[in-house]
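Residue numbers (the UniProt record's numbering), protein chains in the order written: chain A, 1 to 452; chain B, 1 to 452. Idealized CB from N, CA, C, for every residue including glycine. Worksheet: one structure, shown below.
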């Protein structure tokens with residue numbers, strides 16, 4: 001049964017709800033497939049189906065939906081059901097949903113939780129979005145250093161049902177200072193009477209609670225961690241971030257960078273579901289700024305009006321020249337932004353990369369110059385060939401260097417290097433290219449009044 | 001001690017190798033930090049340091065290096081040491097390195113392995129790059145359905161040291177047909193006399209051995225898997241892909257897409273280490289194609305030479321108009337490419353998205369038209385204001401629709417939608433914009449020979 005068939009079955013079940021049929025359907029399916037198949041159901045329809053599930057499955061199906069979708073469904077659920085569901089969700093997801101509930105819904109769900117859980121929700125929900133605090137869960141297993149392996153395994157077994165992971169466990173003091181970490185694999189392989197202190201790794205890779213999620217994801221990936229512990233300002237353990245949440249953060253950040261690379265403000269929401277007004281607002285800002293940037297190109301052309309009026313044929317090569325500069329610049333910027341984002345390149349590598357870029361861009365410019373100078377010759381004789389070829393080398397070189405340097409400059413003044421988008425680089429390079437090309441043409445042509 | 005200090009210590013150790021000092025240095029550091037700190041050491045220098053480590057640590061330090069770097073160091077290692085190291089590496093990494101060794105090196109390392117391992121290396125190394133087969137490991141734990149939990153746990157404990165993960169285990173028949181899967185957590189929580197068949201999940205999410213790595217990574221992320229089993233054409237289990245390798249594949253694919261989005265062919269290597277000739281080749285192809293694309297813009301301008309000669313001031317608004325179309329088109333293309341890459345949008349969503357884009361792009365065009373028409377008025381009176389405003393709406397609308405549709409079209413003809421890069425969209429929209437703008441100007445101005 002594929003997703004389309006599953007969806008058809010679900011549509012029927014919305015019309016005639018039947019608990020047993022739904023469970024039979026899901027017996028051989030991953031619960032994520034249910035969430036996917038209901039993607040375009042109305043919140044009411046989805047709520048009807050979810051209500052047929054056990055509370056545990058309901059919470060799990062919820063976990064595969066976006067937070068926006070969760071909030072939409074929560075809004076149409078009876079208050080009591082929402083409170084029950086809330087108590088079943090994992091701590092990090094519960095806190096994210098909490099942030100999207102109305103004041104009234106919040107009052108409905110909190111009484112359903114134990115005092116400690118209520119505090120946990122409020123605490124987790126209080127961290128700013130896209131920080132380690134917002135990503136972390138408080139469902140992790142802790143041990144004490146003086147315990148034996150045997151005791152540790154017993155405790156882990158006891159606590160396992162409520163923990164998001166038991167495969168990496170953390171050793172803390174009474175005051176929750178992090179002392180070490182070890183894996184369940186180590187525990188299973190160890191002598192039962194060994195102590196945790198003997199086994200644990202004491203130099204633990206950790207992140208601060210206010211760390212940016214992009215950095216957190218990079219640390220999880222770099223060290224191949226199952227989970228990374230999160231410490232507060234006093235170095236106390238306050239949560240862990242598991243690999244799956246780190247992976248989601250990665251994808252979110254890559255999406256944002258892809259959007260910024262085309263001068264769209266980060267949508268912060270799914271492209272498919274974002275409102276039209278929102279989409280307009282995320283795009284118009286940069287477009288307006290870039291229009292005014294393009295005025296410089298226009299002004300450059302106006303400045304050289306005389307030489308153009310004298311030789312209108314010059315305009316033929318204008319798009320090709322400034323376009324090539326913009327394209328080479330976009331290439332350099334994209335390569336640099338991505339290398340900075342993955343941490344492959346640091347600020348200190350700047351000078352070496354500049355040297356390399358001068359060589360490569362020079363070669364690119366010469367190749368393009370060769371290609372278009374033939375065309376210049378055909379269209380206007382040797383003089384035009386020389387103007388076009390020389391301008392091409394200069395424009396490509398300038399464009400590439402602007403593209404390479406802009407992300408560094410932005411990073412230096414604490415802006416996201418991804419803001420050095422293709423359109424921004426192109427706009428800057430266009431204006432520069434106009435001046436280089438037409439300036440050069442004036443220089444050559446004002447000397448010799450040829451028939452060009 | 002930060003990375004810079006660690007590096008200084010390592011430089012000293014290269015000059016005077018001392019096993020104990022190196023181990024003391026690493027006692028409180030993650031082994032990945034060692035690999036990082038040696039990043040710019042020569043292969044010879046790195047080999048000297050690695051030789052001071054235990055074989056196990058050496059293999060682990062290796063695992064945090066790029067394959068290119070591993071191969072460079074392998075080239076300067078004594079044959080015997082390389083063979084010993086090879087036997088310690090994880091099966092997937094060993095196969096990747098094997099693919100980068102010379103014929104002579106291969107002959108040196110294979111005899112150090114047991115017959116079964118030799119076959120394993122050859123088998124894993126035979127899968128094409130960027131497929132599930134190339135990403136998978138053969139170090140996973142399998143169980144039989146009729147075993148009890150007690151027996152299963154004993155076996156897992158026995159096999160654990162050699163397995164890449166024991167947290168997700170796979171249930172197979174004698175002929176390696178995959179029957180089910182279960183987690184170590186389930187095993188730990190179960191009654192010791194329960195059978196595996198009672199506990200296992202029978203509907204397992206799996207991937208085919210020739211599946212693209214981008215798709216594999218998306219499946220691991222979507223279902224929050226610790227590992228995904230890989231099946232051959234006969235549905236037999238041939239390997240598993242762990243979350244950390246899936247995460248690396250994600251980053252690799254995002255990097256490639258970022259490069260393609262700026263018309264750079266996928267580098268397939270690190271930007272920092274790629275050779276200048278390679279970098280040139282990865283960039284020149286698209287630049288040349290785009291130059292010839294830009295000829296259409298040039299030809300468009302040449303076609304309207306008369307109207308330009310008549311009113312040179314028209315050229316002032318040219319960069320601004322075609323630029324805006326290109327920018328709006330780049331935005332639409334980037335949003336679409338990313339949504340297709342994350343699976344958020346499918347081919348069937350095309351029509352709905354087109355409708356949305358017409359509304360949003362219309363609004364964007366009107367806003368920009370309003371902004372520039374004032375300028376048109378100032379510079380050339382009401383007639384110019386009308387030409388510029390009308391052209392702006394048309395160009396932005398056309399540009400956006402081209403940007404939105406191009407990724408779909410490419411995807412339809414089995415090309416990577418990411419090829420619809422900003423520069424490509426810009427080049428196509430430029431030519432279209434020139435024709436729309438100047439054609440419109442001719443229409444208006446040839447009727448009324450105003451003083452514009």
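>> Relative to the C-alpha of residue 403 (chain B), which candidate in B:379, B:380, B:430 and B:83 has its C-alpha closest?
In response: For the residues B:379, B:380, B:430 and B:83, the minimum Cα distance to residue 403 (chain B) belongs to B:430.
> When burial is assigned at 16 or more other CB atoms within 10 Å of the CB, is residue 56 (chain A) buried or exposed?
Replying inline: Counting Cβ neighbours within 10 Å, residue 56 (chain A) comes out exposed, since fewer than 16 surround it.
> What residues of chain A sit near residue 372 (chain B), judged by a beta carbon separation below 7 Å?
Replying inline: Those are 291, listed as they occur along chain A.
> residue 42 (chain B) to residue 73 (chain B), Cα distance in whole Å?
Replying inline: Spanning the two alpha carbons is a distance of roughly 8 Å.
> From B:281, B:192 and B:406, pick the residue whose C-alpha is nearest to that of residue 425 (chain B); which is it?
Replying inline: In terms of CA proximity to residue 425 (chain B), B:406 leads the group B:281, B:192 and B:406.
> On the three-state DSSP scale, how would you describe residue 130 (chain B)?
Replying inline: Here DSSP, grouped into helix, strand and coil, assigns residue 130 (chain B) to coil.
> Helix or strand or just coil, what does DSSP make of residue 275 (chain A)?
Replying inline: In the structure shown, residue 275 (chain A) sits in coil (DSSP, three-state: anything other than H, G, I, E or B).
> Between the region 258-285 of chain B and chain A, which residues of the former have a C-beta closer than 7 Å to a C-beta of the latter?
Replying inline: Look at the region 258-285 of chain B: the residues with a C-beta under 7 Å from a C-beta of chain A are 258, 259, 261, 262, 263, 264, 270, 271, 272, 276, 279, 280, 283 and 284.
> For residue 324 (chain A), is the classification buried or exposed, using 16 other Cβ atoms within 10 angstroms of its Cβ as the cut-off for buried?
Replying inline: The residue in question, residue 324 (chain A), is buried, as its Cβ has 16 or more Cβ neighbours within 10 Å.
>> Tell me the DSSP secondary structure of residue 451 (chain B) in three-state form.
In response: Note that residue 451 (chain B) has pLDDT 41, beneath the 50 cutoff, so the model's placement of it is unreliable and the number below is only indicative. Per DSSP, reduced to three states, the secondary structure at residue 451 (chain B) is coil, with no helix or strand assignment.
>> Can you pull out the residues from the region 356-367 of chain B whose beta carbon lies closer than 7 Å to at least one beta carbon of chain A?
In response: Answer set for the region 356-367 of chain B: 356, 359, 360, 363, 364 and 367.
> What is the DSSP secondary structure of residue 149 (chain A), reduced to helix, strand or coil?
Replying inline: In the structure shown, residue 149 (chain A) sits in a helix (DSSP, three-state: H, G or I).
>> Less than 7 Å separating the Cβ of residue 81 (chain B) from some heavy atom of the ligand ADP?
In response: In terms of ligand content, the structure shown is empty, and the ligand ADP therefore cannot be addressed.
> Can you find a C-beta in chain B that's less than 8 Å from the C-beta of residue 235 (chain A)?
Replying inline: Residue-level contact by beta carbon fails for residue 235 (chain A) and chain B, as no gap is shorter than 8 Å.
> Roughly how many angstroms lie between the CA atoms of residue 372 (chain B) and residue 284 (chain A), to the nearest whole one?
Replying inline: So the two alpha carbons sit approximately 14 Å from each other.
> Which residues mark the beginning and the end of the beta strand (DSSP E) in which residue 142 (chain B) is found?
Replying inline: It spans 140-143 - the beta strand (DSSP E) in which residue 142 (chain B) sits, taken as one unbroken run.
> Would a check of beta-carbon distances place residue 140 (chain B) closer than 8 Å to chain A?
Replying inline: Among the CB atoms of chain A, none fall inside 8 Å of the CB of residue 140 (chain B).
> List, in order along the chain, the chain B residues whose C-beta lies closer than 7 Å to that of residue 222 (chain A)?
Replying inline: Chain B residues near residue 222 (chain A): 32.
> Going by alpha carbons, who is nearest to residue 332 (chain B) out of A:306, A:260 and A:207?
Replying inline: Selected option, being the one with the closest Cα: A:260.
> Got a sec? Which residues, its chain only, sit under 6 Å from residue 423 (chain B) by beta carbon, not counting five neighbours each side?
Replying inline: Contacts found: 263 and 290.
> Mind pulling the chain B residues with CB within less than 7 Å of residue 335 (chain A)?
Replying inline: Contacts between residue 335 (chain A) and chain B, judged by CB atoms closer than 7 Å, involve 259, 264 and 271 in chain order.
>> Which residue wins for smallest C-alpha separation from residue 217 (chain A), given the options B:409, B:80 and B:251?
In response: Comparing Cα positions, the closest option is B:251.
>> Would residue 69 (chain B) and residue 37 (chain B) be called neighbours here (beta carbons separated by less than 8 Å)?
In response: No; because the gap between Cβ atoms is not below 8 Å, this pair is not in contact.
> Hey, quick one: how far does the alpha helix (DSSP H) through residue 352 (chain B) stretch, first residue to last?
Replying inline: In this chain, the alpha helix (DSSP H) harbouring residue 352 (chain B) covers 350-412.
> Does DSSP put residue 212 (chain A) in a helix, a strand or coil?
Replying inline: Three-state DSSP puts residue 212 (chain A) in a strand.
>> Whole angstroms are fine: how far does the CA of residue 306 (chain A) sit from the CA of residue 313 (chain B)?
In response: Roughly 11 Å between the two C-alpha positions.
> What first and last residue would you give for the alpha helix (DSSP H) that runs through residue 109 (chain B)?
Replying inline: Here the alpha helix (DSSP H) through residue 109 (chain B) covers 103-109.
> Looking at residue 205 (chain A) and residue 196 (chain A), is the spacing between their C-beta atoms short of 8 Å?
Replying inline: Cβ distance not < 8 Å, so residue 196 (chain A) and residue 205 (chain A) don't count as in contact.
>> Residues in the same chain with beta-carbon distance under 7 Å from residue 153 (chain B), minus the five sequence neighbours each way, listed in chain order, please.
In response: Answer for residue 153 (chain B): 187, listed in chain order.
> Whose C-beta lies closer than 8 Å to the C-beta of residue 466 (chain A) among residues of the same chain, with five residues either side of it excluded?
Replying inline: The structure shown has nothing for residue 466 (chain A), since chain A only spans 1 to 452.
> What is the C-beta distance between residue 241 (chain B) and residue 135 (chain B), in whole angstroms, given that I count them as a contact (C-beta under 8 Å)?
Replying inline: That pair is a contact at about 5 Å.
> What do you reckon, are the CB atoms on residue 339 (chain B) and residue 272 (chain A) nearer than 8 Å?
Replying inline: Remark: C-beta atoms of residue 339 (chain B) and residue 272 (chain A) approach each other more closely than 8 Å.
>> Judging by CA-CA distance, which residue of A:175, A:95, A:107 and A:146 is the nearest neighbour of residue 127 (chain A)?
In response: Residue A:95 is the option with its Cα nearest to residue 127 (chain A).
> What residues from chain A crowd round residue 28 (chain B), counting only those whose CB sits closer than 9 Å?
Replying inline: In chain order, 202 and 203 make up the part of chain A whose C-beta sits under 9 Å from the C-beta of residue 28 (chain B).
> Over what stretch of residues does the alpha helix (DSSP H) that includes residue 233 (chain B) continue unbroken?
Replying inline: For residue 233 (chain B), there is no enclosing alpha helix (DSSP H), since its DSSP letter is neither H nor E.
> Excluding sequence positions up to five away, which residues of its chain have a Cβ less than 7 Å from the Cβ of residue 34 (chain B)?
Replying inline: Once the five neighbours on either side are set aside, the close Cβ partners of residue 34 (chain B) are 26 and 61.
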